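Below is one structure; the comments refer to it alone.
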Amino acid sequence: MAKKKGVELKFDLILLVDKNRPELLDASVKSCISQSYSDWVLTLVFPKESGKKITDSIESWKSTDERIRSKAIEEGRCLGETLNALLAKQPRTYVGMLDVGGMLHKHCLREIQKHILLRPSADVVYTDLEEVNPKTRRRIRRIRKPEYSPENLLVSNYIGRFTVIRASKALRSGGFRVGVDAAHEHDLLLRLSEKNAKFSNISCALYRVFKNKEVDEKMNSERVSATKSVIEAALARRGINAGVAFDRTNKVFRIRYRFDTQPLVSIIIPFKDKTSVLKTCIKSIHEKTSYKNYEIVLVDNGSTEAAMPKYLKTLTKNKRIHIIKYNKPFNYAAINNYAAKKAKGKILLFLNNDIKVLVKDWIQEMLGLAMQKHVGVVGAKLVFPSGKIQHTGTYFMKGISDDLHFRQINYNKGPRYDDRGKRLYDSIRNTIAVTGACMMIRREVYEDVGGMDEGFRVFFNDTDLCLRAWSKGYTVVYTPYNRIVHFEATSRGRHYDAQIFKEFKRMNKKWGKQLKQDPFYSPKVPMLWGDWANV
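Numbering of the sequence shown is given in our numbering, commencing with residue 217 and proceeding in unit increments.
Here's what the structure looks like:
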């Protein structure tokens with residue numbers, strides 16, 4: 217048996233047999249037998265009332281390979297009880313489950329073994345997967361997964377198959393909970409995350425599964441209720457006051473946070489001239505905002521437009537609005553740092569002046585996330601006036617000499633309605649950075665990371681802020697439930713475009729050596745190239 221640093225690399229595989237799909241059993245078992253790594257045991261878990269075809273097939277496979285065993289689920293007992301009994305037998309192994317019809321790549325366990333030997337602290341290791349047509353055996357799509365993403369995991373078991381879990385860690389976390397069979401793994405993964413388990417992704421499709429629409433729809437129907445219960449239980453354990461609902465249109469769960477108190481939110485809006493643009497922004501805030509405890513800090517960076525003084529005078533009547541002046545050359549980072557010191561709120565919401573609010577609960581949607589202790593920065597979904605998506609988070613790519621190319625996630629020019637792609641911008645998820653056009657952060661986090669880097673006068677100050685928060689252990693979160701219009705570049709003007717090359721160079725010097733790959737996007741994902749992240 218291969219060992220390193222006390223880690224015993226023995227795999228205890230569990231195949232969940234479906235009595236209604238006997239034709240798929242053989243493919244799954246064959247994929248285990250053909251593994252290039254041999255230190256494994258396979259247990260076929262099946263309902264005791266399964267038909268003769270299933271039981272005969274199981275007995276046949278057991279006689280073929282001594283590593284194959286079986287365990288019947290007694291009538292009246294749930295799957296969780298059976299799985300816990302198996303888990304307790306091999307506390308030093310890594311346990312992995314397969315659905316009937318699921319097939320391991322022949323080097324799956326070997327690759328996981330190598331991964332764990334390099335990362336001996338890993339408690340949960342998961343791979344990408346492929347969906348294949350059961351008739352043609354051709355790939356339908358590959359599902360690529362990010363590294364550990366706590367906000368993703370809370371609302372969706374994005375980890376899925378194939379996953380191996382350190383058995384001893386699973387047992388210490390309570391094992392499989394009884395009564396949530398349709399979402400038992402999601403429940404265990406959430407409890408593991410609460411016990412500081414170490415998660416690690418292998419960005420390679422080492423598991424294949426047959427796509428069966430009829431079965432999937434049946435399973436999804438059963439899974440919705442169980443998953444809702446699992447998420448509610450996780451929120452209760454964490455002391456979070458929130459409701460859970462299933463969005464049937466986008467097929468994602470949504471968490472609605474409730475507030476025992478309403479902390480003061482300081483909305484910081486830098487501006488120069490463009491009176492009509494600022495009017496649109498302020499009007500939309502007043503008309504749409506349902507959150508009661510907020511202030512608006514307007515930062516005038518040398519306006520000279522004739523109409524502006526008159527408009528600002530009308531705003532002085534509103535006790536929520538405070539107007540301050542910043543009479544130095546334009547520096548977006550310095551302006552916001554200055555305003556943050558003047559603001560009174562414990563929550564800072566940075567907003568461009570060329571923004572139009574669309575959702576009445578826009579502050580609450582961001583605040584519920586920003587109030588979580590592990591969350592650093594929260595961003596929103598930005599759309600163009602036409603309704604097309606502009607921004608749903610930022611990712612980066614490596615270029616020559618460790619250059620970092622930051623791009624906005626923008627699906628308007630590609631296959632927008634791909635199930636997996638659509639989920640990226642229609643559900644809460646973790647990302648490496650969000651845009652400062654609408655960005656919320658707790659004051660304590662802002663001060664902890666040192667505010668915005670004033671060396672980035674125009675570009676990348678928001679991305680850099682997010683990276684510094686992330687490097688300190690905070691998460692960066694995108695929420696689609698704050699949807700706002702961004703009249704792009706109205707606030708800045710195109711005469712600053714030459715500045716991008718200078719600041720791009722500085723960004724690469726600061727981060728190029730530190731960031732090896734984006735943890736939330738596979739290096740093999742053919743992403744669509746949108747605009748520069750901060751343009």
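By construction, the Cβ of each residue, glycine as well, lies at the ideal position given by its N, Cα and C atoms.
Everything numeric in this text was worked out from a predicted model, so none of it was measured.
Out of Pro238, Lys268, Ala452, Ser279, state which residue places its alpha-carbon closest to the alpha-carbon of leucine 258. Within the sequence shown, numbered from 1, the residue matching residue 258 stands at position 42. Checked all of Pro238, Lys268, Ala452, Ser279; the closest Cα to leucine 258 is Ser279.
Out of Val348, Leu369, Pro350, Arg382, which one is the CA nearest neighbour of glutamine 329? One-based indexing of the sequence shown puts residue 329 at position 113. Among Val348, Leu369, Pro350, Arg382, the Cα nearest to that of glutamine 329 belongs to Arg382.
Based on Cα-Cα distance, which residue from Pro350, Phe378, Thr352, Asn349 lies nearest to valine 340? Reading the sequence shown from its first residue, position 124 is the one you call residue 340. Closest option to valine 340, Cα to Cα, is Phe378.
Beta-carbon gap between alanine 452 and valine 593 smaller than 8 Å: Within the sequence shown, residue 452 is the residue found at index 236, counting from 1. Within the sequence shown, residue 593 is the residue found at index 377, counting from 1. For alanine 452 and valine 593, no; Cβs fall outside 8 Å.
Rounded C-beta distance between glutamate 670 and alanine 550? I'm assuming under 8 Å. Numbered from 1 along the sequence shown, position 454 holds the residue referred to as residue 670. Numbered from 1 along the sequence shown, position 334 holds the residue referred to as residue 550. With 8 Å as the limit, glutamate 670 and alanine 550 qualify as a contact, their Cβ atoms being about 5 Å apart.
Reference isoleucine 605; option with closest CA among Pro696, Ser445, Lys361, Cys248: Here residue 605 is taken as the residue at index 389 of the sequence shown, counted from 1. Per the Cα distances, Pro696.
Member of Lys411, Asp403, Arg424 whose CA lies at the smallest distance from the CA of valine 440: As a position in the sequence shown, residue 440 is number 224, starting the count at 1. If we check each option's Cα against that of valine 440, Asp403 comes out closest.
What does DSSP give as the partner residue(s) for proline 263 in the beta ladder? Indexing the sequence shown from 1 puts residue 263 at position 47. According to DSSP, proline 263 bridges with Ile289.
Have a look at serine 244 and leucine 370 and give me their C-alpha separation to the nearest angstrom. Taking the sequence shown and counting its residues from 1, the one referred to as residue 244 is at position 28. Taking the sequence shown and counting its residues from 1, the one referred to as residue 370 is at position 154. Looking at the two C-alpha atoms, the distance is approximately 29 Å.
Buried or exposed: threonine 343, going by 16 or more other Cβ atoms within 10 Å of its Cβ? Start at 1 with the first residue of the sequence shown, and residue 343 comes out as number 127. Buried, because 16 or more other Cβ atoms sit within 10 Å of the Cβ of threonine 343.
Assuming arginine 658 and alanine 586 form a contact by the criterion Cβ under 8 Å, report the distance between their Cβ atoms to the nearest whole angstrom. The sequence position of residue 658 within the sequence shown is 442, counting from 1. The sequence position of residue 586 within the sequence shown is 370, counting from 1. So it is a contact: roughly 6 Å between Cβ atoms.
Coarse secondary structure for proline 362, derived from DSSP in three states: For the purposes of this step, residue 362 is taken as the residue at position 146 of the sequence shown. Proline 362: coil per DSSP, three-state reduction.
Beta-carbon proximity of lysine 246 to asparagine 349, cut-off 8 Å: Residue 246 sits at position 30 when you count from the first residue of the sequence shown. Residue 349 sits at position 133 when you count from the first residue of the sequence shown. The answer is no: Cβ separation not under 8 Å.
Outcome for proline 486 when other beta-carbon atoms lying within 10 angstroms are tallied against a minimum of 16: On the sequence shown, position 270 is the one that residue 486 refers to. It is buried - the Cβ of proline 486 has at least 16 other Cβ atoms within 10 Å.
Please check the pair alanine 649 and threonine 610, which I expect to be a contact at CB under 8 Å, by giving their CB distance rounded to whole angstroms. Start at 1 with the first residue of the sequence shown, and residue 649 comes out as number 433. Start at 1 with the first residue of the sequence shown, and residue 610 comes out as number 394. That pair is a contact at about 4 Å.
Inter-residue spacing [alpha-carbon to alpha-carbon] between tyrosine 510 and asparagine 417: Taking the first residue of the sequence shown as position 1, residue 510 is located at position 294. Taking the first residue of the sequence shown as position 1, residue 417 is located at position 201. Cα to Cα, tyrosine 510 sits roughly 41 Å from asparagine 417.
Excluding sequence positions up to five away, which residues of its chain have a Cβ less than 8 Å from the Cβ of lysine 351? Within the sequence shown, residue 351 is the residue found at index 135, counting from 1. Cβ neighbours of lysine 351 beyond the five flanking positions: none.
Residues near valine 692 in its chain [Cβ-Cβ closer than 7 Å; skip 5 each side]: Within the sequence shown, the letter at position 476 stands for residue 692. Gly592, Val593, Asn646, Thr647, Ile648, Ala649, Val650, Cys682, Ala685, Trp686.
Got a sec? Which residues, its chain only, sit under 6 Å from tyrosine 542 by beta carbon, not counting five neighbours each side? As a position in the sequence shown, residue 542 is number 326, starting the count at 1. Result list for tyrosine 542: Val515, Asn517, Ile551, Tyr554, in chain order.
Which ranges would you report for the alpha helix (DSSP H) in the stretch 564–619 if only whole runs of at least 4 residues count? 578–586
Alanine 461 (DSSP reduced to helix, strand or coil): The residue given as residue 461 occupies position 245 in the sequence shown. The answer is strand: DSSP assigns alanine 461 an E or B state.
Suppose the cutoff is 6 Å on Cβ atoms and the five residues either side in sequence are ignored; what does the same chain contact list for isoleucine 537 look like? As a working note, residue 537 is residue 321 in the sequence shown. Taken in chain order, the residues that qualify are Ile512, Leu531.
Rounded distance between the beta-carbons of threonine 443 and alanine 399, thought under 8 Å: Working through the sequence shown from its first residue, we reach residue 399 at position 183. Working through the sequence shown from its first residue, we reach residue 443 at position 227. Yes, they are in contact, since the Cβ atoms of alanine 399 and threonine 443 sit about 4 Å apart, within 8 Å.
Pair within 8 Å by beta-carbon distance, leucine 405 and asparagine 368: Here residue 405 is taken as the residue at index 189 of the sequence shown, counted from 1. Here residue 368 is taken as the residue at index 152 of the sequence shown, counted from 1. Contact: no.
Three or more C-beta pairs closer than 8 Å, one from the stretch 253–272 and one from the stretch 281–291: is that the case here? yes
Which same chain residues, not among the five before or five after lysine 558, have their C-beta less than 8 Å away from its C-beta? The count along the sequence shown starts at 1 and reaches residue 558 at position 342. Cβ neighbours of lysine 558 beyond the five flanking positions: Val513, His538, Ile540.
Contacting residues, own chain, Cβ-Cβ under 6 Å from isoleucine 274 (five flanking each side not counted): Taking the sequence shown and counting its residues from 1, the one referred to as residue 274 is at position 58. Counting only Cβ-Cβ distances below 6 Å, and skipping sequence neighbours, we find Leu260, Ser286.
Given a threshold of 16 other Cβ atoms within 10 Å of its Cβ, counted over all protein chains shown, does histidine 780 qualify as buried or as exposed? The structure shown does not extend to residue 780, since the chain is modelled only from 217 through 751, so no value can be given for it.
Could you tell me which of Ser519, Lys721, Pro366 sits nearest to proline 735, measuring between CA atoms? For the purposes of this step, residue 735 is identified with residue 519 of the sequence shown, where counting begins at 1. When only C-alpha atoms are compared, the closest one is Pro366.
Residues near proline 601 in its chain [Cβ-Cβ closer than 7 Å; skip 5 each side]: Here residue 601 refers to the residue found at position 385 when the sequence shown is read from its first residue. Val701, Phe703.
Assigned exposure category for tyrosine 633 - 16 Cβ within 10 Å defines buried: Here the question's residue 633 lines up with position 417 in the sequence shown. Since pLDDT at tyrosine 633 reaches only 36, below the 50 mark, its modelled position is unreliable, and the value read off the structure follows with that caveat. By the 10 Å Cβ count, tyrosine 633 comes out exposed.
Count the other CB atoms within 10 Å of the CB of proline 238; is the residue buried (16 or more) or exposed (fewer)? Counting from one through the sequence shown, the residue named residue 238 turns up at place 22. That one is buried.
Who pairs with phenylalanine 415 in a beta bridge, going by DSSP? For the purposes of this step, residue 415 is identified with residue 199 of the sequence shown, where counting begins at 1. Bridge partners of phenylalanine 415: Val340.
Please name the residue in Lys490, Asp577, Tyr423 whose C-alpha comes closest to that of tyrosine 473. Here the question's residue 473 lines up with position 257 in the sequence shown. Comparing Cα-Cα distances from tyrosine 473 to each of Lys490, Asp577, Tyr423, the minimum goes to Asp577.
Can you give the Cα-Cα distance for asparagine 628 and tyrosine 641, rounded to whole angstroms? As a working mapping, residue 628 is identified with position 412 in the sequence shown. As a working mapping, residue 641 is identified with position 425 in the sequence shown. Residue confidence is low: asparagine 628 scores 44 on pLDDT, short of 50, so the model does not pin down where it sits. Its coordinate-derived value is still stated next. Using only the alpha carbons, I get a separation of about 11 Å.
Please report the straight-line C-alpha distance between glutamate 438 and valine 396, rounded to a whole angstrom. Within the sequence shown, residue 438 is the residue found at index 222, counting from 1. Within the sequence shown, residue 396 is the residue found at index 180, counting from 1. Roughly 10 Å separates the two Cα atoms.
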